[in-house]
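Let me begin by presenting the structure, written as structure tokens, before commenting on it.
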Ligand code: BTN
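Numbering (the numbering used here), first residue to last: 130 to 384.
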């Protein structure tokens with residue numbers, strides 16, 4: 130049985146987010162889907178929803194998100210949110226999570242947590258508007274303990290490879306205050322103040338990559354709105370995170 134430090138999280142976060150509550154659910158289809166249902170019913174209070182097990186976890190670009198109960202952290206944070214500009218939000222979230230968990234965690238644009246060229250975690254951000262008020266749902270999945278590759282070409286990374294004592298509960302407690310502070314700052318200032326910090330963790334910088342929409346080239350880092358700058362044969366392109374996924378060339382592939 131996982132120990133969830135719900136009270137400590139609440140003590141640290143509620144001064145930053147008045148009305149904040151924490152809920153731990155033994156099982157749900159998807160914490161993001163649950164927030165969407167709640168938003169449609171008019172509930173937009175700041176809430177952290179942790180699932181011990183998801184039966185229909187969702188990833189970016191309509192992909193499923195697989196996680197094993199007990200070996201992973203799956204949660205969503207929903208809160209009222211009205212930034213002037215949403216661009217770069219997923220990068221800001223990834224940065225907050227990476228910086229709070231370990232100095233060696235990298236970020237693969239737009240928002241995958243990476244370690245040693247393997248995926249450690251992912252982020253799915255969705256927005257809902259209810260009665261004219263906008264809410265953001267930040268869904269995060271992190272592999273805590275190693276699990277088999279299950280048909281993936283590379284086995285995923287796990288947090289205990291970098292932080293041997295990590296549990297889902299301790300990881301959540303460590304990342305929540307920084308995540309919330311980052312969201313509060315982002316609402317006022319956007320991504321630009323985080324650009325340099327992102328660059329320190331950018332695992333794609335200077336690499337040859339190809340994108341799901343058929344482009345290939347060398348990455349030049351991210352711009353002030355979080356767009357990925359790509360040097361292609363046809364000149365520089367700026368990629369925006371909603372549309373594409375990016376993959377580095379494998380060592381035996383040729384650009
Ligand atoms: C991705 O890398 O494609 C994003 C994965 C996001 C997974 C998390 S787990 C908690 C929350 N609920 C979901 O159904 N998805 C997100």
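Beta carbons: idealized from backbone N, C-alpha and C, even for Gly.
- By the C-beta density criterion, residue 163 is buried, having at least 16 other C-beta atoms within 10 angstroms.
- The beta carbons of residue 249 and residue 272 sit about 6 Å from each other, so the pair counts as a contact at 8 Å.
- In the displayed model, residue 138 falls within a helix according to three-state DSSP.
- Under the 8 Å Cβ criterion, the stretch 230-241 counts as touching the stretch 323-337, having at least three qualifying pairs.
- At least one heavy atom of the ligand BTN lies less than 7 Å from the C-beta of residue 160.
- Using a Cβ distance threshold of 8 Å, residue 360 and residue 347 count as a contacting pair.
- The alpha-carbon of residue 314 is positioned some 32 Å away from that of residue 155.
- DSSP places residue 313 in the uninterrupted alpha helix (DSSP H) bounded by 297-318.
- A Cβ-Cβ contact shorter than 8 Å links residue 161 with residue 266.
- The distance from the Cβ of residue 180 to that of residue 157 is about 5 Å, consistent with a contact at the 8 Å cut-off.
- Leaving aside the five residues that flank residue 354 on each side, the residues in its chain whose CB is nearer than 8 Å to its CB run, in chain order, 214, 216, 217, 319, 320 and 321.
- By the C-beta density criterion, residue 196 is buried, having at least 16 other C-beta atoms within 10 angstroms.
- Residue 182 holds the alpha-carbon nearest to the alpha-carbon of residue 131 among 336, 182 and 147.
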